[in-house]
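Asker: Here it is, the structure in full.
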Amino acid sequence: MNNQLKQNQLVAPAIGRFAPSPTGPLHFGTLLAALGSYLLAKCSGGRWLLRIEDLDPPRVIPGAADTMLRLLEQLGFEWDGEIIYQSQRYERYQQVLERLRGDGRVFDCSCTRREILASAPHPGEEGPVYPGTCRNGVCGGRAERAVRLRVADRDIQYRDGVFGEQSQNLEHDVGDFVLHRADGLFAYQLAVVVDDIDTGITQVVRGADLLSSTPRQIYLYQCLDVVSPDYFHLPLAFGDNGKKLSKRNGDIGLVTADNGALMLWRALEFLGQSPPQEFLNSTPAELLSWGRGNFQPVTIPAEDRQIRF
Ligand code: GLU
């Protein structure tokens, strides 16, 4: 067995989830996350939940969530339980934010992005590292803009089911990070952790672009005294132009009911599986069924790759 996998990652029935942002139609990149999370949950005999991450209204495309759900159904995906919509959970996020405030874990911040850029010690992977300016109170009379979580100066370590050992020092690499944004919206990092906790998620499977967010999320679990789930980050698919295949990248890799079987076949192959050639002519539901019976998580490659359509 691949030594990157913890014993319990595949033994106990997992509660997994697929959590798309409804910012456009279903693309190959999103299909990989849907398929990977579905098969990993199902091959452990577990449950697969669905959550629509419509947290950021300006980015949401009206109707995109419904279109995506209908297509997933047409392709034969079946989810367990009610679908959760982040846009309906603001009160809950507020409650958790207040709890963290009560525990002295968060602070108000009045810094603008420009100020942070100017004083950041060095740029982090996802923008400048917050230099701690408002940790001990906002500067005299300035309006509070965002709420940040105070991070600790220690390494957050975890073993990813695909990419192996990961480690990050949040203070050094990220800084105190935002939980409630200056524009009044809750940050993705907070919402995703609160939702995963509330729905009992034990297995998070998603694109490797979120590998670097995971230490922040694990730290939030620690602050809330909850055991964090197992993580599997899937390799990213790039188009000919070297860009990640996603909703923002035009029509390349667009998934439809007509090309669904081919896209699923290619997604299985991309995830290191060996779907038989003859299944190219089968229905999406048959391919999913083949996947449920034959999925080998240990062969998912820890390598982003280009794909041609
Ligand atoms: N909503 C995110 C996306 O569509 C995924 C978040 C997650 O799986 O944690 O990329």
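Residue numbers (our numbering): 48 to 356. Where a beta carbon is used, it is the ideal one built from N, C-alpha and C, also for glycine.
The beta strand (DSSP E) with D155 in it runs from where to where?
Answerer: Translated into the one-based positions of the sequence shown, residue 155 becomes position 108. Residues V153 to C156.
Asker: Excluding sequence positions up to five away, which residues of its chain have a Cβ less than 6 Å from the Cβ of P60?
Answerer: Stepping through the sequence shown from its first residue, residue 60 is reached at position 13. If we look at P60 and ignore the five residues flanking it on each side, its Cβ neighbours are S91, G92 and G93.
Asker: How far does the alpha helix (DSSP H) with W337 in it extend, from its first residue to its last?
Answerer: Here residue 337 is taken as the residue at index 290 of the sequence shown, counted from 1. Taken as a continuous stretch (DSSP letters only), the alpha helix (DSSP H) holding W337 covers P331 to N341.
Asker: For L257, is the beta carbon positioned less than 7 Å from some heavy atom of ligand 1?
Answerer: As a working note, residue 257 is residue 210 in the sequence shown. For L257, the CB falls within less than 7 Å of some heavy atom of ligand 1.
Asker: Short of 8 Å in beta carbon distance, which residues of its chain neighbour D101, apart from the five on each side in sequence? Order them along the chain.
Answerer: Here residue 101 is taken as the residue at index 54 of the sequence shown, counted from 1. Around D101, the same chain offers S68, P69, V107, A112, Y132, Q133 and S134 as residues with beta carbons nearer than 8 Å, after the five sequence neighbours per side are excluded.
Asker: What's the C-alpha gap between I354 and I130?
Answerer: What you label residue 354 is simply residue 307 of the sequence shown in a count that begins at 1. What you label residue 130 is simply residue 83 of the sequence shown in a count that begins at 1. Each residue's Cα considered, the two are about 31 Å apart.
Asker: Span of the beta strand (DSSP E) holding Y205?
Answerer: Taking the sequence shown and counting its residues from 1, one reaches residue 205 at position 158. First-last of the beta strand (DSSP E) with Y205: D202 to D207.
Asker: Here's the rule I'm using: 16 or more other beta-carbon atoms within 10 Å means buried, otherwise exposed. How should L311 be labelled?
Answerer: Taking the sequence shown and counting its residues from 1, one reaches residue 311 at position 264. With 16 or more other Cβ atoms within 10 Å, it is buried.
Asker: With DSSP run on the structure shown, which of helix, strand or coil describes Y235?
Answerer: Residue 235 sits at position 188 when you count from the first residue of the sequence shown. DSSP, read as helix, strand or coil, puts Y235 in helix.
Asker: So if DSSP puts P60 in a beta bridge, which residue, or which two residues, is it bridged to?
Answerer: The residue given as residue 60 occupies position 13 in the sequence shown. For P60, which the question treats as bridged, DSSP gives no partner whatsoever.
Asker: Look at the alpha carbon of L73 and the alpha carbon of I299, and state the distance between them as a whole number of angstroms.
Answerer: The residue given as residue 73 occupies position 26 in the sequence shown. The residue given as residue 299 occupies position 252 in the sequence shown. Their Cα atoms are separated by approximately 11 Å.
Asker: Since D277 sits in a beta bridge, which residues does DSSP pair it with?
Answerer: Within the sequence shown, numbered from 1, the residue matching residue 277 stands at position 230. Q250.
Asker: Which residues share a DSSP beta bridge with N357?
Answerer: Lying outside 48 to 356, the shown extent of the chain, residue 357 is not represented and no answer is given.
Asker: Distance check for V345 and M48, CA to CA, integer angstroms please.
Answerer: What you label residue 48 is simply residue 1 of the sequence shown in a count that begins at 1. What you label residue 345 is simply residue 298 of the sequence shown in a count that begins at 1. Because the pLDDT of M48 is 42, which lies under 50, any placement of that residue in the model is unreliable, and the number read from its coordinates should be weighed accordingly. If you take the alpha carbons of M48 and V345, they lie about 7 Å apart.
Asker: Taking only the alpha-carbon atoms, compute the straight-line gap between L97 and L237 and give it to the nearest angstrom.
Answerer: Within the sequence shown, residue 97 is the residue found at index 50, counting from 1. Within the sequence shown, residue 237 is the residue found at index 190, counting from 1. Whole-angstrom Cα-Cα distance: 18 Å.
Asker: If we ignore side chains and look at the alpha-carbon of each, how far apart do Q121 and N216 end up?
Answerer: To locate residue 121, count along the sequence shown from 1; it is residue 74. To locate residue 216, count along the sequence shown from 1; it is residue 169. Taking the straight line from one Cα to the other gives about 43 Å.
Asker: So, does the region 183-191 touch the region 254-263, judging by three or more C-beta pairs under 8 Å?
Answerer: no
Asker: Is R136 near ligand 1 - that is, is its Cβ less than 7 Å away from at least one heavy atom of it?
Answerer: Along the sequence shown, read from residue 1 onward, the residue named residue 136 stands at position 89. No - ligand 1 has no heavy atom lying nearer than 7 Å to the Cβ of R136.
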